[in-house]
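Single-structure report; data block below.
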Amino acid sequence: MSFIEKYNIFLENDFSSKDELFDFISNKSKELNISSSVSEVKDGLYDREKDGNTVIADMIAMPHARIESINDLKVILISLKKPILYNEEESIDLAYSILAPIDANDEFIDILMLVAIIVQDGELQNVIRNSKAGEEEKISNMIDEALKIYNQI
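Numbering (UniProt numbering), first residue to last: 1 to 153.
Dropping the structure here:
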């Protein structure tokens, strides 16, 4: 099993706002059977944003939440065709969204740390930014390889 499964990777998306991004994440969470509630996911993402900014690197955000309606911890990777304004000061073109059950404490922290490791690999992030729809499996494999190099999986 991959860290981010190919069917949880969405490349070359065309959004104009953070709200559209959160709508997409919320809808995909239900479509992919990650969550039973679109509205709970969206509310959870916004509630987490109130606690602090989730932009974690240049042009990369990590919107995340622990929510009652989440069935299993998953990471959804989204690349954008063009950057969107994510908060008052920062734009993003990549989002690693982590959705976890409310009781996934240690595992949730571990996944946060693994995503933090991945985003530090600038070369990998540039490959993701330049990848086209249909290359999701390649990206999934590259992320797994990067984590193996760091002895994390």
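No residue lacks a Cβ here, since even glycine has one placed at the ideal position from N, Cα and C. Treat the numbers as computed from the prediction; the structure is a model and nothing was measured.
Contained beta strand (DSSP E) runs [length at least 3] in the segment 24-57, N- to C-terminal order: 55-57
What distance in whole Å lies between the Cβ atoms of Leu11 and Glu89, which are believed to be in contact at a cut-off of 8 angstroms? On the sequence shown, residue 89 is found 89 positions in, with the first residue counted as 1. On the sequence shown, residue 11 is found 11 positions in, with the first residue counted as 1. Not quite, the Cβ-Cβ distance comes to about 26 angstroms (not below 8 angstroms), so this is no contact.
Is Ile76 helix, strand or coil when you go by DSSP? As a first step, residue 76 is located in the sequence shown; it is residue number 76 there, counting from the start. Three-state DSSP puts Ile76 in a strand.
Quick check: Asn33 and Asn71, are their CB atoms within less than 8 angstroms of each other? As a working mapping, residue 33 is identified with position 33 in the sequence shown. As a working mapping, residue 71 is identified with position 71 in the sequence shown. It is a contact, given that the beta carbons lie within the stated cut-off.
Where does Tyr7 fall in DSSP's three states? In the sequence shown, residue 7 corresponds to position 7, counting from 1. Helix, per DSSP.
Quick one: grab the DSSP three-state call for residue 154. Outside the shown range of the chain, which is 1 to 153, sits residue 154, and nothing can be said about it.
Looking at Leu99 and Ala65, is the spacing between their C-beta atoms short of 8 angstroms? If you number the sequence shown from 1, residue 65 lands on position 65. If you number the sequence shown from 1, residue 99 lands on position 99. In this structure, Leu99 lies closer than 8 angstroms to Ala65 by Cβ.
Measuring CA to CA, which of Ser69, Leu73 and Met62 is closest to Asn87? For the purposes of this step, residue 87 is identified with residue 87 of the sequence shown, where counting begins at 1. Among Ser69, Leu73 and Met62, the Cα nearest to that of Asn87 belongs to Met62.
When the distance is taken between beta carbons, is Phe22 closer than 8 angstroms to Leu80? Here residue 80 refers to the residue found at position 80 of the sequence shown. Here residue 22 refers to the residue found at position 22 of the sequence shown. Not a contact, by the Cβ cut-off of 8 angstroms.
Suppose contacts are defined by Cβ-Cβ distances below 8 angstroms. Is Lys30 in contact with Glu137 by that definition? For the purposes of this step, residue 30 is taken as residue 30 along the sequence shown, with counting starting at 1. For the purposes of this step, residue 137 is taken as residue 137 along the sequence shown, with counting starting at 1. No, they are not a contact pair.
On the three-state DSSP scale, how would you describe Asp121? One-based indexing of the sequence shown puts residue 121 at position 121. Note: Asp121 maps to coil in three-state DSSP.
Beta-ladder partner(s) of Tyr96, from DSSP: The sequence position of residue 96 within the sequence shown is 96, counting from 1. DSSP, once it has assigned bridges, lists Leu77 as partnering Tyr96.
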